[in-house]
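Enquirer: In our numbering, the protein residues as written are 13 to 165. Attaching a single structure in structure tokens format; questions to follow.
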């Protein structure tokens, strides 16, 4: 297991294109963790992914609300940003378990801040600054994740 792919994302357009490709292969239920420093492209990937699934409006970072829901037909997409989470136990009070269902796809930025309260990721995406762009590593963590990552170029 742990199939992985690496990409260099030169700019926002390349990031959106990669996120679109990921979304084309994604099926619920699915949990994706997004790791990287501030400004590395976690929200840009989430935006591209959610828009590729059919959301026509803006996709904002849920930094202050912790989660933004998107009902996209038969699939519910939840975009989490746990950057401002003071204590992982806060996730219990917001009913975190209810967000992870058979019809949900969850994108979780700063997942380490919810350690112990989040389900395991199917896919982990690591981003870091490289030259003027970003280096992306996408790692499968489950058989479902492996099927998706195997289809990414």
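Where a beta carbon is used, it is the ideal one built from N, C-alpha and C, also for glycine.
Thinking just about the alpha-carbon of each residue, which of 136, 144 and 145 is nearest to the one in residue 15?
Expert: 136
Enquirer: Would you give the residue range spanned by the alpha helix (DSSP H) that residue 37 belongs to?
Expert: 24-37
Enquirer: When you measure from the CB of residue 150 to every non-hydrogen atom of the ligand MN, does any distance come out below 8 Å?
Expert: Looking at this structure, you won't find the ligand MN or any other ligand, since it has none at all.
Enquirer: Would you kindly work out how many angstroms separate the C-alpha atoms of residue 59 and residue 118, rounded to a whole number?
Expert: 13 Å
Enquirer: Can you name the start and end residues of the beta strand (DSSP E) that residue 160 belongs to?
Expert: Looking at the DSSP string, residue 160 is not in any beta strand (DSSP E); the run it does join, the alpha helix (DSSP H), is 155-161.
Enquirer: Can you give me the C-alpha to C-alpha distance between residue 102 and residue 31, rounded to a whole angstrom?
Expert: Here the alpha carbons of residue 31 and residue 102 stand approximately 29 Å from one another.
Enquirer: Measuring CB to CB, does residue 147 end up less than 9 Å from residue 160?
Expert: no
Enquirer: Report the residue from 42, 29 and 123 whose alpha carbon sits nearest the alpha carbon of residue 155.
Expert: 42
Enquirer: May I ask which residues mark the beginning and end of the beta strand (DSSP E) holding residue 18?
Expert: 16-21
Enquirer: Excluding the 5 residues preceding and the 5 following residue 157 in the sequence, name in chain order all residues of the same chain whose CB lies nearer than 7 Å to its CB.
Expert: 134 and 135
Enquirer: Judging by CA-CA distance, which residue of 140, 27 and 36 is the nearest neighbour of residue 163?
Expert: 36
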